[in-house]
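Numbered as in our numbering, the sequence shown ends at 411 without a single skipped number.
Just so it is clear, CB atoms sit at the ideal spot from N, CA and C, and this is done for glycine as well.
Read through the structure below, which is laid out as structure tokens, and then see the notes.
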Amino acid sequence: MRKDYTIGKTVFGSEASIRASYEQFAVQGIDEERLLPEGESTVFKRRTIKGESTVAGIGTFKGSERQSITFAASDKPGWWIRRMDQPEQLDTFVDISNLWTSAQNLVLRSGSQHNYLRMVEHIVALKVGLQLDDVLIKVRSGDPPLFDQSSVPLVEAMDEAKIIEKDEDAKYVTVKEPVAFGGKRGDFLLFLPAENGSKNLRVDCAISWNTVIGKQRVLFDVTEETFRYASLARTNATHRQYVLAKTVGKLFAATRNWGYNDRNILIHGPKKFYTEPRFPLNGKYLEPVWHRATLDLLAAVALIGSYRFAGTIVSYRAGHTLDCDAVRALYRNNLLVEMN
Numbered sequence: 072m073r074k075d076y077t078i079g080k081t082v083f084g085s086e087a088s089i090r091a092s093y094e095q096f097a098v099q100g101i102d103e104e105r106l107l108p109e110g111e112s113t114v115f116k117r118r119t120i121k122g123e124s125t126v127a128g129i130g131t132f133k134g135s136e137r138q139s140i141t142f143a144a145s146d147k148p149g150w151w152i153r154r155m156d157q158p159e160q161l162d163t164f165v166d167i168s169n170l171w172t173s174a175q176n177l178v179l180r181s182g183s184q185h186n187y188l189r190m191v192e193h194i195v196a197l198k199v200g201l202q203l204d205d206v207l208i209k210v211r212s213g214d215p216p217l218f219d220q221s222s223v224p225l226v227e228a229m230d231e232a233k234i235i236e237k238d239e240d241a242k243y244v245t246v247k248e249p250v251a252f253g254g255k256r257g258d259f260l261l262f263l264p265a266e267n268g269s270k271n272l273r274v275d276c277a278i279s280w281n282t283v284i285g286k287q288r289v290l291f292d293v294t295e296e297t298f299r300y301a302s303l304a305r306t307n308a309t310h311r312q313y314v315l316a317k318t319v320g321k322l323f324a325a326t327r328n329w330g331y332n333d334r335n336i337l338i339h340g341p342k343k344f345y346t347e348p349r350f351p352l353n354g355k356y357l358e359p360v361w362h363r364a365t366l367d368l369l370a371a372v373a374l375i376g377s378y379r380f381a382g383t384i385v386s387y388r389a390g391h392t393l394d395c396d397a398v399r400a401l402y403r404n405n406l407l408v409e410m411n
């Protein structure tokens, strides 16, 4: 069944390309829906955690070393990153203004060039997915831990720290009007305003790969339940990428100590998976699209400072860079408005 959206004003990219890609998106079937009942709300008071919780695993970029991350309540609005090994540096605010790069993964940095944290997307996505407003992240290096169960251990760490509500309303923003952002490979994002004062966030996300992954699409309202469900979805790499990283890649700093293995990522090729895929449904394995829709896309939404975003986001074949360029453009073009 075709589901139509208002494309709206093109902020960047080719309007013609966006409209052509939208036609491909619109006829792609929805593989899984996880929508709230009509009229049900996900609105909470502002939320934080009561205690502290630490989780550890092999380093994402230094697989030979064990790294840890500690979550604690923040006494300042929003999410903050504190490098415990650099006490002279100020905490880094989780915000688009502190995004260093989105080329392969999201890296946040402020102050010194050494005051950074790589691969933050799978961490800060919890801000949106669990509707957690004020959290302090404590680390002792710029290399976060990696897990066979993707972001499930991070969710469990938040549960151990105990999520609590404050006696304060959460702050929401939405877009002033429907807007579109286009990439250079037929990818696009649509940001649509909240309707009738609703403070829910809905995501319609589709991917299209020329491998065994193929075409996948999910439509869902962002809730704790759905995010917990999707947090098991691992990042993916083609078999060729994986082999290169483990051979020739040993010569390069970016991949020399790659902590990825055949348990913590989904490896795929043109006609088969090389690791056991997750999220089976109707002959497909929807792990790639659930990872993209939650642990990648929602991470970019988390960069909207201390606010929650309400409305609808439509994503087709997009990735980290387009996500982050779009969030940055929302600010540069004054397209966000605070909701009452």
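Beta-carbon proximity list for residue i, same chain, < 7 Å, skipping 5 on both sides
{"i": "ALA127", "result": "ARG137, GLN138, SER139, PRO216"}
{"i": "ARG305", "result": "SER221, ASN335, ILE336, LEU337, GLU358, HIS362"}
{"i": "GLY100", "result": "ARG288"}
{"i": "VAL223", "result": "SER302, LEU303"}
{"i": "SER279", "result": "LYS286, ARG388"}
{"i": "ALA400", "result": "VAL82, PHE83, PHE252"}
{"i": "GLY268", "result": "none"}
Residues near residue i in its chain [Cβ-Cβ closer than 8 Å; skip 5 each side]
{"i": "VAL408", "result": "VAL244, THR245, VAL246, LYS247"}
{"i": "THR309", "result": "THR282, ILE338, HIS339, GLY340"}
Exposure of residue i, with buried meaning 16 or more beta-carbon neighbours within 10 Å
{"i": "ARG180", "result": "buried"}
{"i": "MET155", "result": "exposed"}
{"i": "LYS198", "result": "buried"}
{"i": "THR163", "result": "buried"}
{"i": "ASN411", "result": "exposed"}
{"i": "LEU161", "result": "exposed"}
{"i": "ARG273", "result": "buried"}
{"i": "GLY200", "result": "buried"}
{"i": "ASN405", "result": "exposed"}
{"i": "PRO158", "result": "exposed"}
Contact check, residue i vs residue j, beta carbons under 7 Å
{"i": "ILE78", "j": "ILE234", "result": "no"}
{"i": "LEU352", "j": "GLU103", "result": "yes"}
{"i": "GLY130", "j": "ASP238", "result": "no"}
{"i": "PHE96", "j": "ALA371", "result": "no"}
{"i": "HIS193", "j": "THR282", "result": "no"}
{"i": "VAL250", "j": "LYS80", "result": "yes"}
{"i": "ARG90", "j": "LEU203", "result": "no"}
{"i": "THR346", "j": "ASP367", "result": "no"}
{"i": "VAL206", "j": "PHE142", "result": "yes"}
Assigned secondary structure, residue i (DSSP; H/G/I helix, E/B strand, else coil)
{"i": "GLU231", "result": "helix"}
{"i": "VAL283", "result": "coil"}
{"i": "HIS339", "result": "strand"}
{"i": "ASP75", "result": "coil"}
{"i": "ILE375", "result": "coil"}
{"i": "ALA196", "result": "helix"}
{"i": "TYR345", "result": "coil"}
{"i": "PRO216", "result": "strand"}
{"i": "ASP156", "result": "coil"}
{"i": "ARG474", "result": "Outside the modelled stretch of the chain, which goes from 72 to 411, sits residue 474, for which no answer is possible."}
{"i": "SER88", "result": "helix"}
{"i": "VAL293", "result": "coil"}
{"i": "VAL226", "result": "helix"}
{"i": "GLN138", "result": "strand"}
Close beta carbons around residue i, own chain, < 6 Å, minus the five adjacent residues each side
{"i": "SER88", "result": "GLY253"}
{"i": "LEU107", "result": "ASP292"}
{"i": "THR392", "result": "SER173"}
{"i": "LYS270", "result": "VAL114, TYR243, ALA381"}
Proximity test, residue i beta-carbon vs the ligand NAD heavy atom, cut-off 6 Å
{"i": "ALA400", "result": "Although the ligand NAD was asked about, the structure shown includes no ligands whatsoever."}
Q) How about the stretch 380 to 393 and the stretch 259 to 274: do they share at least three Cβ pairs that are nearer than 8 Å? A) yes
Q. With a cut-off of 8 Å, do at least 3 Cβ pairs link the stretch 373 to 382 to the stretch 148 to 157?
A. yes
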